[in-house]
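A.B. asks: The working numbering numbers the first residue of the first sequence as 1 and each following residue consecutively.
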Amino acid sequence: MTKLEGTKVRVRFAPSPTGYLHIGGARTVLFNWLLARKSGGKFILRIEDTDRSRHVGDSVAKILDDLRWLGMTWDEGPEAGGDAGPYFQSERLSLYNEHLARMLESGDAYYALETPQELETMRENARAEKRILSYDRPSPIPTIEEGEAAKRDRKKVVVRFKMPDEDITVCDDILGDVTLKSGQIEDFVIQKSDGFPTYHFACVVDDELMKITHVLRGQEHLMNTPKHVAMQRSLGFTTPHYAHMPVIFNMNGSKMSKRDKEKALKNGDPPPEIDVNDFRVAGYLPEAVVNFISLLGWNPGDDREHFSLGELVETFTLDRVGKTNAKFDREKLLAFNTNWAASLDFGLLFKAFCDFLSASENIPQEIRDADEKKLREALKACSGFRIFPDVIKKVGFVFASDNDIEFDPKAVKKVLAKNENAGYAILDHMITRLEALADWSVGSIERLINDVCEARDIKMGNVAQPLRVAVSGSTISPAIGDTLVLLGKKSTLARIRKCLMNREPK
RNA sequence: GCCCCCAUCGUCUAGUGGCCUAGGACACUGGCUUUUCAUGCCAGCAACGGGAGUUCAAUUCUCCCUGGGGGUACCA
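Next up, the structure:
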């Protein structure tokens with residue numbers, strides 16, 4: 001349809017500043033970003049802030065932060081600059097107005113003077129008469145002079161695009177040709193009464209001016225595209241490649257929306273992760289999130305499932321993007337995270353862990369303040385964890401002060417008090433042995449425990465479990481050698497002593 | 001209502017007319033490993049929505065039905 005061959009690929013992601021980046025939006029960014037990186041093109045970030053009523057304060061900073069966390073960098077846009085700026089639509093009003101004037105003069109757009117009440121009446125009538133279009137093009141169409149006069153009279157005036165009476169075919173790289181018959185789309189608003197352009201108009205002007213070659217967006221935009229194509233023809237613009245991606249839903253088929261969080265909170269359930277930031281705070285790795293969403297609507301055509309961002313750049317092609325909507329399976333994401341946690345370079349894993357500690361709420365202060373070396377060792381001792389909160393659950397006690405250990409009554413009963421305080425008896429013995437242990441290392445601690453087991457002809461668990469409960473208060477901790485080394489000799493002995501003091505008399 | 005898109009295990013998906021007794025992954029079930037919690041390993045369960053065609057042969061092509069989704073704003 002258009003001659004874009006030979007032109008450098010330029011794609012964009014154009015979020016509205018209404019909050020954090022949505023996980024579905026993240027998938028849209030990812031595919032756009034991959035297309036750019038794959039082809040050596042440019043990835044542009046544009047902020048679509050034309051609806052002032054929906055604008056949320058620091059959204060832009062949040063979205064940028066989410067993108068950085070995911071590892072996706074932009075070549076042009078906020079903070080990055082670029083030749084096609086400004087990259088905030090609210091700063092491009094004069095650009096829109098220029099093109100608007102052209103369309104007004106050519107007669108492809110016109111001032112419309114109807115009041116909201118009049119529009120509502122039109123809609124009701126259309127519904128009653130089962131007509132397709134609810135907006136009746138005025139006859140005669142108001143002249144430019146009439147429109148401007150109405151504006152001077154402080155009347156609410158909008159500009160509408162005169163939808164041409166012809167079939168429009170959208171050539172979609174994913175869906176194929178989609179034709180919309182003439183007469184299906186009414187004259188739509190391109191400039192609101194507050195002087196701001198609507199999405200459709202701003203988007204078309206910006207894509208042209210920013211020389212966007214490929215528009216990859218969610219399928220919810222498919223029916224907008226004929227409108228955009230019609231405007232492009234009116235303005236003599238190039239029509240970019242279009243590709244509409246399948247939508248992502250909850251497991252129950254509903255849309256993934258922020259409302260899910262409010263609903264869950266009301267019912268006392270844990271809120272589901274919806275925004276990228278939710279996953280970050282919940283202790284997921286960006287590598288896992290990226291890997292997982294990359295497979296929602298795309299696959300390499302073989303059995304591979306484990307992809308880093310770099311591997312995705314190598315493997316990704318638009319023609320492997322599917323057409324079917326997908327459901328977001330958190331169980332599978334959890335599995336991906338587990339795999340990534342196990343396979344990621346430890347330096348990167350630790351960096352991600354620190355990010356989690358600072359980003360997430362409910363992290364005990366003593367862990368936030370903990371010594372880096374000790375944190376590293378703690379994380380290492382937790383291999384096999386699924387998400388970062390598991391690490392806290394498993395080694396959090398190490399960072400508490402010795403006097404703050406709370407003993408889980410169930411664990412005490414099962415491991416220490418059972419069989420006439422057998423566990424306490426072991427601790428009585430172990431405390432002197434450990435005290436005498438000069439080399440406080442995993443190897444020598446395990447050797448000691450082994451010796452005790454052999455001497456008394458008992459199983460490892462009979463010694464390890466009482467120790468575990470004594471130092472952690474629960475039956476959950478890393479391997480016993482790791483646990484005691486992490487804790488250090490002094491704390492270990494102090495905690496065992498304290499535990500022994502709590503022994504119930506027989 | 002009207003317009004548009006989609007349709008393989010519970011979920012993400014492979015499959016492009018015979019290689020399919022439909023493959024992989026998650027989940028699930030059973031077993032193994034293990035000093036706790038996890039992890040890991042092995043095995044099993046499990047799908048072509050329905051109906052007409054086309055063809056020697058349809059999961060794969062066509063049509064209809066059904067189902068799901070999207071759009072129908074001075075939101076993007």
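From the three backbone atoms N, C-alpha and C, an ideal C-beta is built for every residue, glycine too.
Extract the residue ranges of the alpha helix (DSSP H) inside the region 270 to 353, only unbroken runs of 4 or more that lie entirely within it.
C.D. replies: 276 to 281, 286 to 294, 309 to 315 and 330 to 343
A.B. asks: From GLU91, ARG52 and TYR20, pick the residue whose C-alpha is nearest to that of ASP65; which is it?
C.D. replies: TYR20
A.B. asks: What do you get for THR492, buried or exposed, if any count of 16 or more other CB atoms within 10 angstroms of its CB means buried?
C.D. replies: buried
A.B. asks: Please go through the same chain and pick out, in chain order, the residues whose beta-carbon is closer than 6 angstroms to the beta-carbon of ILE212, but skip the five residues on each side of it.
C.D. replies: ARG10, ARG12 and PRO240
A.B. asks: Is GLY423 helix, strand or coil by DSSP?
C.D. replies: helix
A.B. asks: Could you pull the start and end residues of the beta strand (DSSP E) that ILE363 belongs to?
C.D. replies: Neither: ILE363 is in no beta strand (DSSP E) and is coded neither H nor E.
A.B. asks: Classify GLY488 as buried or exposed, calling it buried when 16 or more other Cβ atoms lie within 10 Å of its own Cβ.
C.D. replies: exposed
A.B. asks: Count the C-beta pairs between the region 450 to 459 and the region 407 to 419 that are closer than 8 angstroms, then say yes if the count reaches three, no if not.
C.D. replies: no
A.B. asks: How big is the Cα-Cα spacing for ARG233 and HIS244?
C.D. replies: 20 angstroms
A.B. asks: Measuring alpha carbon to alpha carbon, tell me which residue in GLY218, ARG456, PHE316 and PHE196 is nearest ALA36.
C.D. replies: PHE316
A.B. asks: Quick check on THR143: buried or exposed, where buried means 16 or more other Cβ atoms within 10 Å of its Cβ?
C.D. replies: Taking every protein chain shown into account, the CB of THR143 has fewer than 16 other CB atoms within 10 angstroms, so this residue is exposed.
A.B. asks: Where ALA378 and ILE476 are concerned, what is the direct C-alpha to C-alpha distance, given to the nearest angstrom?
C.D. replies: 14 angstroms
A.B. asks: What residue range is occupied by the uninterrupted beta strand (DSSP E) comprising MET245?
C.D. replies: 241 to 245
A.B. asks: Quick check on ILE168: buried or exposed, where buried means 16 or more other Cβ atoms within 10 Å of its Cβ?
C.D. replies: By the 10 Å Cβ count, ILE168 comes out buried.
A.B. asks: Would the region 305 to 313 and the region 54 to 63 be scored as touching if the rule is three or more Cβ pairs under 8 angstroms?
C.D. replies: no
A.B. asks: May I have the straight-line CA-CA distance separating ASN291 from GLU273, to the nearest angstrom?
C.D. replies: 16 angstroms
A.B. asks: Could you work out which residue in ILE63, ARG497, ARG433 and LYS42 is closest to ASN277 when comparing CA atoms only?
C.D. replies: ILE63
A.B. asks: Using beta-carbon positions only, say whether LEU507 and GLN219 come within less than 7 angstroms of one another.
C.D. replies: Because the chain here runs from 1 to 506, residue 507 falls outside it and cannot be looked at.
A.B. asks: Can you tell me which residues form a DSSP beta bridge with GLU76?
C.D. replies: ILE44
A.B. asks: If HIS306 and ASN339 are in contact, beta carbons under 8 angstroms, what's the gap, nearest whole angstrom?
C.D. replies: Contact holds; Cβ gap of about 7 angstroms.
A.B. asks: TRP89: buried (16+ other C-beta within 10 angstroms of its C-beta) or exposed?
C.D. replies: According to the sequence as given, residue 89 is Gln; it is not Trp. By the neighbour-count rule (16 or more Cβ atoms within 10 Å), GLN89 is buried.
A.B. asks: Report the residue ranges of all alpha helix (DSSP H) runs contained in full by the region 406 to 482; include only those spanning at least 4 residues, in chain order.
C.D. replies: 418 to 436, 442 to 456 and 460 to 472
A.B. asks: Which whole-angstrom value describes the C-beta separation of ALA352 and PHE399, a residue pair presumed to lie in contact below a C-beta threshold of 8 angstroms?
C.D. replies: That belief does not hold up - the Cβ atoms of ALA352 and PHE399 are roughly 19 angstroms apart, past 8 angstroms.
A.B. asks: Tell me, to the nearest whole angstrom, how far the beta carbon of ASP136 is from that of MET122; I am working on the premise that it is less than 8 angstroms.
C.D. replies: 6 angstroms
A.B. asks: Rounded to whole angstroms, what's the CA-CA distance from ASP275 to ILE23? Just pull it up for me.
C.D. replies: Straight-line Cα distance between these residues: approximately 5 angstroms.
A.B. asks: With a threshold of 8 angstroms, are at least 3 pairs of Cβ atoms found where one atom belongs to the region 77 to 96 and the other to the region 200 to 216?
C.D. replies: yes
A.B. asks: Quick one: what does DSSP say GLY384 is sitting in, helix, strand or coil?
C.D. replies: Three-state DSSP puts GLY384 in coil, outside helix and strand.
A.B. asks: Going by C-alpha to C-alpha distance, which of LEU333, GLU146 and ALA425 sits closest to PRO466?
C.D. replies: ALA425
A.B. asks: Is it right to say ARG131 is buried, meaning 16 or more other beta carbons lie within 10 angstroms of its own, or is it exposed?
C.D. replies: Of the residues assessed, ARG131 falls on the exposed side of the cut-off, its CB having fewer than 16 other CB atoms within 10 angstroms.
A.B. asks: Kindly identify the DSSP beta-bridge partner or partners of GLY81.
C.D. replies: GLY77
A.B. asks: CA-CA distance, ALA422 and HIS429?
C.D. replies: 11 angstroms
A.B. asks: Note down, in chain order, each residue of its chain lying with its Cβ closer than 6 angstroms to the Cβ of ALA512, except the 5 sequence neighbours on either side.
C.D. replies: Since the first and last residues shown for the chain are 1 and 506, residue 512 lies out of range.
A.B. asks: Can you name, in chain order, every residue of its own chain whose Cβ lies under 7 angstroms from the Cβ of GLU148, other than the five neighbours on each side?
C.D. replies: none
A.B. asks: At the level of alpha carbons, what is the spacing between LEU486 and LEU375?
C.D. replies: 9 angstroms
A.B. asks: Using CA coordinates, which residue listed in GLY396, ALA417 and PHE407 is at the minimum distance from THR483?
C.D. replies: GLY396
A.B. asks: Exposed or buried, LYS3, counting other C-beta atoms within 10 Å across all chains shown (16 or more means buried)?
C.D. replies: Because the pLDDT at LYS3 is just 42, under 50, the model does not fix this residue reliably, and the value given afterwards should be weighed accordingly. The residue is exposed, with fewer than 16 neighbouring Cβ atoms inside 10 Å.
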